[in-house]
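In the numbering used here, the protein residues as written are 130 to 424. See below for the structure under consideration.
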């Protein structure tokens, strides 16, 4: 049996935040914050060592508004601005990715999740396997027979079985659930008073928000019926906001995601500036072993 290629897609934007909050404040002698960079680098190196991916990409959110802000001006408005101690580290984190020679993508006007959705669609068309490295529930809608989610920090894998067991629905119906419940983190409104259990029950019965809206009269509970009538447009908008766009203008050929040998000189300069003493030792040439150059 021919083994299908596996493409690892790292949700870089979410992992930056996780790295920042996972470690206490650290800084170089010059006062440069380094905790997120160190945490992200350690996480990335562990993935490279444990999985030795032949194909991989790190995906980031681009700065500025997206098409979702055009749909709903209040989208993500409740999120606090990124703290300076984190934003100042992002250029260094991207330099680490460049130094490791891992392909990196971000597209103006789109979120990292949309880029990941686009790549997944293309890889699925070719029957390639995709492992999305993330802890973000928004990406559950991409799970399929060829696409799984892997939270490397918790070593938790989510595939079709896990989604069906957890929600009792198919992954493509996750946006319907979220359209009803809303998402307080991203300020997606949903329908007031509908929690996850009620949303799952409704989508199990009606299959989609659109079909639910067309059959509101079949709802036995009067209060729920009134809420659905009052906020049906809000629910449909919310579903659009949480549904990932698989048509981002981005190159999706597998060959573009080939992991190459790391640029040791670049990493050495960078780690010296950041004062990552242990990592400096790790990238020093060693004739007996090469801890970074897997190829």
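Backbone N, C-alpha and C define an ideal beta-carbon position, used for all residues, glycine too.
Sub-8 Å separation of residue i and residue j beta-carbons
{"i": "residue 388", "j": "residue 251", "result": "no"}
{"i": "residue 238", "j": "residue 191", "result": "yes"}
{"i": "residue 345", "j": "residue 358", "result": "yes"}
{"i": "residue 373", "j": "residue 271", "result": "yes"}
{"i": "residue 136", "j": "residue 259", "result": "yes"}
{"i": "residue 277", "j": "residue 218", "result": "no"}
{"i": "residue 262", "j": "residue 138", "result": "yes"}
{"i": "residue 342", "j": "residue 326", "result": "no"}
{"i": "residue 316", "j": "residue 205", "result": "yes"}
{"i": "residue 401", "j": "residue 408", "result": "no"}
{"i": "residue 308", "j": "residue 338", "result": "yes"}
Other residues of its chain near residue i: CB distance less than 8 Å, five sequence neighbours each side excluded
{"i": "residue 274", "result": "289"}
{"i": "residue 265", "result": "140, 143 and 242"}
{"i": "residue 301", "result": "270"}
{"i": "residue 356", "result": "320, 321, 322 and 323"}
{"i": "residue 379", "result": "234, 236, 244, 247 and 248"}
{"i": "residue 134", "result": "183, 184, 257, 258 and 383"}
{"i": "residue 208", "result": "314, 315 and 316"}
Alpha-carbon to alpha-carbon, residue j and residue i
{"i": "residue 171", "j": "residue 147", "result": "12 Å"}
{"i": "residue 321", "j": "residue 246", "result": "29 Å"}
{"i": "residue 282", "j": "residue 351", "result": "44 Å"}
{"i": "residue 145", "j": "residue 244", "result": "17 Å"}
{"i": "residue 377", "j": "residue 369", "result": "16 Å"}
{"i": "residue 295", "j": "residue 287", "result": "10 Å"}
{"i": "residue 416", "j": "residue 196", "result": "Bear in mind that the predicted position of residue 416 carries a pLDDT of just 46, short of 50, making it unreliable; the figure below should be weighed with that in mind. One C-alpha to the other measures close to 51 Å."}
{"i": "residue 405", "j": "residue 157", "result": "9 Å"}
{"i": "residue 424", "j": "residue 159", "result": "At residue 424 the pLDDT is 39, less than 50, meaning the model places this residue with poor confidence; the figure from the coordinates comes in the next sentence. If I take the Cα positions, the gap works out to 36 Å."}
{"i": "residue 254", "j": "residue 194", "result": "30 Å"}
{"i": "residue 175", "j": "residue 363", "result": "43 Å"}
{"i": "residue 395", "j": "residue 161", "result": "19 Å"}
{"i": "residue 149", "j": "residue 203", "result": "26 Å"}
{"i": "residue 168", "j": "residue 403", "result": "13 Å"}
{"i": "residue 334", "j": "residue 340", "result": "10 Å"}
{"i": "residue 189", "j": "residue 336", "result": "32 Å"}
{"i": "residue 375", "j": "residue 267", "result": "14 Å"}
Supposed contact pair residue j and residue i - C-beta distance, whole angstroms, cut 8 Å
{"i": "residue 329", "j": "residue 306", "result": "6 Å"}
{"i": "residue 186", "j": "residue 232", "result": "4 Å"}
{"i": "residue 224", "j": "residue 353", "result": "No, residue 224 and residue 353 are not in contact; Cβ-Cβ is about 52 Å, not under 8 Å."}
{"i": "residue 215", "j": "residue 151", "result": "The pair is not a contact, with the Cβ atoms about 12 Å apart (cut-off 8 Å)."}
Proximal residues to residue i (C-beta, below 7 Å), its chain only, five neighbours per side dropped
{"i": "residue 332", "result": "298, 302, 305 and 306"}
{"i": "residue 201", "result": "366 and 370"}
{"i": "residue 318", "result": "311, 363 and 367"}
{"i": "residue 385", "result": "232"}
{"i": "residue 292", "result": "269, 272 and 300"}
{"i": "residue 240", "result": "190 and 195"}
Residues near residue i in its chain [Cβ-Cβ closer than 6 Å; skip 5 each side]
{"i": "residue 393", "result": "412"}
{"i": "residue 418", "result": "In this prediction, residue 418 scores a pLDDT of 46, lower than 50, which makes its location untrustworthy; the coordinate-derived value is nonetheless stated afterwards. Taken in chain order, the list of residues that qualify is empty."}
{"i": "residue 443", "result": "This structure cannot settle anything about residue 443, because the visible part of the chain is limited to 130 through 424."}
{"i": "residue 226", "result": "187 and 233"}
{"i": "residue 381", "result": "248 and 251"}
{"i": "residue 198", "result": "204"}
Entirely enclosed alpha helix (DSSP H) segments - the segment 183 to 260, minimum 4 residues: 196 to 200, 213 to 216, 219 to 228 and 241 to 254
4 or more residues per run - each alpha helix (DSSP H) lying fully within the segment 308 to 345: 325 to 335 and 338 to 343
Residue ranges of each alpha helix (DSSP H) within the segment 353 to 410, 4 or longer: 393 to 403
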